[in-house]
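Colleague: Take a look at this one; I'll ask things after.
There are 2 protein chains.
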Amino acid sequence: MNGILYGIGVGPGDPELMTLKAVRLIRENRVIALPGKKPKDTVAYQIASAAVPELEHKQLIPIHMPMTHDKEEQKKHHREGADIVEAYLQQGKNIVFLTLGDPAVYSTFTYIQRIVEKDGFQTQSVSGIPSFCATAARMNMPLAIGNEQIHIYPAVHNLSGTLPDSGTYVLMKAGSKMDRVKEILRKSGRDAVMVENCGTGKEKVYFHVDEIPNTAGYYSLVISRETRLK
Amino acid sequence: MNGILYGIGVGPGDPELMTLKAVRLIRENRVIALPGKKPKDTVAYQIASAAVPELEHKQLIPIHMPMTHDKEEQKKHHREGADIVEAYLQQGKNIVFLTLGDPAVYSTFTYIQRIVEKDGFQTQSVSGIPSFCATAARMNMPLAIGNEQIHIYPAVHNLSGTLPDSGTYVLMKAGSKMDRVKEILRKSGRDAVMVENCGTGKEKVYFHVDEIPNTAGYYSLVISRETRLK
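The listed protein sequences correspond, in order, to chains A and B. Residue 531, in the numbering used here, is where the first sequence stops; the numbers in between run on with no holes. Residue 531, in the numbering used here, is where the second sequence stops; the numbers in between run on with no holes.
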């Protein structure tokens, strides 16, 4: 019988934000895939191994999918990643694929999962805490209450500048484009908070738009609420 | 010294989706607040006690905040809830307030937290898995990949019918208004999935708009992606 591919979210950074299910599945399985060239250098490994030290002695498989805007190149990497995974599944071994945050939220796991499912294998996703929830918790603020909407934008350079009037904005992966983010927020007359590397030793917190630097790291997240809570 | 108010998300239903931090804080503290009239009847208690059986022997405090659209009535209930909490904090006791899903996402904890903070006490939020992540995981589908946006709507009756063209829609708390949801989706030419009581024994799954019944329970969630994954 073929193995199962598990896509497991390890959460946003704090190892204690891993779920019981993530911990159990890592413990119960021998083959662990990590997104990167060297498994032990990945952020996902650093998070998970702090919560589950025995991870160190598992069979760690690197799935290297370098960032590129070339669609053909991307496809090739996804196919290669799926091939590595499928070789283990065919041997009847489960694979636990660790991803940052939640596997349903902008995760590279999705691409591998899609191919592996098409090829007839069984896959299962296990939710993790998304970065925007952890950032709101860090700031002791809600993302939304009552009837408020939440709008999540992963790519600021695509924004036309016409964001909806109402609801909370969550701006992700905007690190290198913070000047653009600040411009959009100022236009909308909104304030915002920004957290870089939330829940890690390198965490930085900004409480107002004007404090936010023009460039920041990849793991930066902006939350802008329509109204400030009184 | 005053105690600390912890707002802890217990996730969407499956006790294994609780975080290590939630489990630790429940274990380490004696006073646990639960949103409802009878603590042991609440969904939050049922989830948390399955993961942390010793919860049964803790001091369980009911915080009753009945649903109402009367703003003054709401305010009164929130003030009463905060008073109960503050009485313990003043005795130097921490309170662990359990909420469904994530405390930053449409949680009643936010209202209590806001008052308690204003009154000068320390509070801390601990993220939980939001229902929309768990629903996506249940369906083995992403909420979003690449540059796709995510739009979360908590109150369908407020929607004008002009949803954005692009991105994923998440429609929450729409159980009693599913006919309206289906109408909006049909207008937009989109298909959708719906899961009721995700991760519990009463779970029901619908794979297409046309399968969705006109009324469903409170814990129903619709996900509509702009494009189907091929």
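Each residue gets a CB set at the ideal place from its N, CA and C atoms; glycine is no exception.
Could you work out which residue in 527/A, 488/A and 483/A is closest to residue 510/A when comparing CA atoms only?
Modeller: Nearest option by C-alpha distance: 483/A.
Colleague: Consider the Cβ of residue 343/A: report whether some Cβ of chain B lies at a distance smaller than 8 Å.
Modeller: Taking Cβ atoms only, chain B never reaches closer than 8 Å to residue 343/A, which makes this a no.
Colleague: Rank 324/B, 520/B, 316/B and 505/B by C-alpha distance to the C-alpha of residue 308/B and give the top, closest one.
Modeller: Per the Cα distances, 324/B.
Colleague: Suppose contacts are defined by Cβ-Cβ distances below 8 Å. Is residue 402/A in contact with residue 429/A by that definition?
Modeller: Contact: yes.
Colleague: Threshold first: 4 residues or longer. Then list the alpha helix (DSSP H) segments lying entirely within the region 307 to 342 of chain B, N to C.
Modeller: Qualifying alpha helix (DSSP H) stretches, in chain order: 321 to 329.
Colleague: Against chain A, does residue 521/B count as a neighbour if the rule is that its beta carbon must be under 8 Å from one of theirs?
Modeller: It does not; no Cβ of chain A falls within 8 Å.
Colleague: Would you call residue 331/A buried or exposed, if buried means 16 or more other Cβ atoms sit within 10 Å of its Cβ?
Modeller: Flag for residue 331/A reads exposed.
Colleague: Identify, in the order they occur along the chain, each residue of the same chain with its Cβ nearer than 7 Å to the Cβ of residue 375/B, setting aside the five sequence neighbours on each side.
Modeller: Excluding positions up to five away in sequence, the list reads 369.
Colleague: Can residue 319/A and residue 321/B be called in contact, C-beta distance under 8 Å?
Modeller: Yes, they are a contact pair.
Colleague: For the putative contact between residue 346/A and residue 340/A, defined by C-beta atoms under 8 Å, what is the C-beta separation to the nearest angstrom?
Modeller: That pair is a contact at about 6 Å.
Colleague: Mind checking if residue 331/B is an interface residue toward chain A, Cβ cutoff 8 Å exclusive?
Modeller: It does not; no Cβ of chain A falls within 8 Å.
Colleague: Output the distance between the C-alpha atoms of residue 424/B and residue 384/B, rounded to the nearest integer angstrom.
Modeller: Between residue 424/B and residue 384/B, the C-alpha separation is close to 14 Å.
Colleague: How is residue 363/B classed by DSSP in three states: helix, strand or coil?
Modeller: Residue state, collapsed to three classes: strand.
Colleague: Mind checking who residue 473/B pairs with in its DSSP beta bridge?
Modeller: According to DSSP, which records beta bridges pairwise, residue 473/B is partnered with 522/B.
Colleague: Please report the distance separating the alpha-carbon of residue 530/A from that of residue 445/A.
Modeller: Only weak support is given to the placement of residue 530/A: the predicted model assigns it a pLDDT of 44, under 50, and the value that follows is read from those uncertain coordinates. Roughly 10 Å between the two C-alpha positions.
Colleague: In the region 391 to 456 of chain A, which residue ranges form an unbroken beta strand (DSSP E) of at least 3 residues, counting only runs that do not cross its ends?
Modeller: 396 to 400, 423 to 427 and 451 to 454, all fully within the region 391 to 456 of chain A.
Colleague: What residues in its chain sit with their C-beta under 8 Å from that of residue 390/A, if we drop five residues either side in the sequence?
Modeller: So the list reads 303, 304, 305, 306, 396, 417 and 422, once near-sequence residues are dropped.
Colleague: Does the structure place the region 489 to 509 of chain A close enough to the region 519 to 526 of chain A that three or more beta carbon pairs sit under 8 Å?
Modeller: Because the criterion of three Cβ pairs below 8 Å is met, the region 519 to 526 of chain A and the region 489 to 509 of chain A touch.
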